[in-house]
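Visitor: In the UniProt record's numbering, the protein residues as written are 1 to 279.
Mind having a look at this structure? Questions to follow.
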């Protein structure tokens, strides 16, 4: 896969199952030219990934995926080429993380009401040093035999319409875009087709994000159907946004998704990254 990249990848620093070093090994075996480490609401894995790639032909792009809410639905913004050591960036990120922590406490309480003996201490023991997402709660339920699969955990407890779902609060996608831009990064609307907005609302959101400084949109993504890819490409063009793409690789937490190739037919050429950087 020489001259191909993957601009949306997760490690154990959030809800992936490969460490940053293991991701580098995997990317090298795949022959990727570059990948972006875009863990949820944290840059904790980036130093390890950069160190692991040192002296190789692989470029590790410092990134992040910020989880936000708009009109009651989850909206994710990917940041690429981050100045992740910037003190102001990390201070602001800590405030964003506080919103996630509040949500996780509410999820814990709801799961306990369902009769599941889950605690914060047990989650920390199971996932030390990770920024918890719903995938972590699903893995806990599976590992402790409360459900038979991760899908069942989402269907019964954690999905958007399940009884233990808690929406994110406080952080908006516009705040996320501004944070990325103000530290010199590239702001990308992640998997917009998965937001489940109607066409008019998605159009409106995209226009507002562009006004806030959005650079690009994921027009290439693992689970897009050809119709999704075509629709997102047209949407990006209407708003003057550049194309981006990524597998959203999570390791065994999304076992059908492979690094670089997604479901098997994903190809993101280096020209996509070069175009994003041509500002």
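Ideal placement from N, C-alpha and C gives every residue a C-beta, glycine not left out.
Could you pull out every unbroken beta strand (DSSP E) segment of at least 3 residues lying fully inside the segment 230-261, listed in chain order?
Guide: If we require 3 residues or more, the beta strand (DSSP E) runs fully inside the segment 230-261 come out as 242-246.
Visitor: Give a yes or no on contact between the segment 92-103 and the segment 122-129, applying the rule of three or more CB pairs nearer than 8 Å.
Guide: The answer is no - the segment 122-129 does not touch the segment 92-103, with fewer than three Cβ pairs under 8 Å.
Visitor: In the DSSP assignment, find the alpha helix (DSSP H) that holds residue 120 and state where it starts and stops.
Guide: Against the chain shown, residue 120 aligns to sequence position 120. Taken as a continuous stretch (DSSP letters only), the alpha helix (DSSP H) holding residue 120 covers 120-126.
Visitor: Do residue 244 and residue 270 have their C-beta atoms within less than 8 Å of each other?
Guide: As a position in the chain shown, residue 244 is number 244, starting the count at 1. As a position in the chain shown, residue 270 is number 270, starting the count at 1. Not a contact, by the Cβ cut-off of 8 Å.
Visitor: If we ignore side chains and look at the alpha-carbon of each, how far apart do residue 259 and residue 267 end up?
Guide: Counted from its first residue, the chain shown places residue 259 at position 259. Counted from its first residue, the chain shown places residue 267 at position 267. Rounded to whole angstroms, residue 259 to residue 267 spans 11 Å at the Cα level.
Visitor: Under 8 Å, with one C-beta from each stretch per pair, do the segment 161-172 and the segment 52-59 reach the 3-pair mark?
Guide: The segment 161-172 is not in contact with the segment 52-59.
Visitor: Give me the Cα-Cα distance between residue 84 and residue 61, rounded to the nearest whole angstrom.
Guide: Start at 1 with the first residue of the chain shown, and residue 84 comes out as number 84. Start at 1 with the first residue of the chain shown, and residue 61 comes out as number 61. Cα to Cα, residue 84 sits roughly 11 Å from residue 61.
Visitor: Quick one: what does DSSP say residue 7 is sitting in, helix, strand or coil?
Guide: Here residue 7 refers to the residue found at position 7 of the chain shown. Residue 7 falls in the strand class under three-state DSSP.
Visitor: Please identify the residue among 86, 3, 223 and 227 whose C-alpha is closest to the C-alpha of residue 249.
Guide: The residue labelled residue 249 in the question sits at position 249 within the chain shown. For residue 249, the nearest C-alpha among the options comes from 223.
Visitor: In terms of alpha-carbon separation, which member of 17, 9 and 173 lies closest to residue 73?
Guide: Taking the chain shown and counting its residues from 1, the one referred to as residue 73 is at position 73. Nearest C-alpha to residue 73: 173.
Visitor: Alpha carbons only, please: which of 4, 276, 8 and 3 is nearest the one belonging to residue 257?
Guide: Indexing the chain shown from 1 puts residue 257 at position 257. Ranking the options by Cα distance to residue 257, first place goes to 8.
Visitor: In angstroms with no decimal places, state the Cα-to-Cα distance between residue 145 and residue 21.
Guide: Locating residue 145 in the chain shown gives position 145, where the first residue counts as 1. Locating residue 21 in the chain shown gives position 21, where the first residue counts as 1. Their Cα atoms are separated by approximately 30 Å.
Visitor: Could you check whether residue 177 and residue 212 sit closer than 8 Å to each other, using their CB atoms as the reference points?
Guide: Indexing the chain shown from 1 puts residue 212 at position 212. Indexing the chain shown from 1 puts residue 177 at position 177. Yes, the pair counts as a contact, with Cβ atoms nearer than the cut-off.
Visitor: Express the C-alpha separation of residue 279 and residue 151 in angstroms, rounding to a whole number.
Guide: The residue labelled residue 151 in the question sits at position 151 within the chain shown. The residue labelled residue 279 in the question sits at position 279 within the chain shown. If I take the Cα positions, the gap works out to 41 Å.
Visitor: Is it a yes or a no for the segment 95-108 touching the segment 37-49, going by three-plus beta-carbon pairs under 8 Å?
Guide: Yes, since at least three Cβ pairs between the segment 95-108 and the segment 37-49 fall closer than 8 Å, the two stretches touch.
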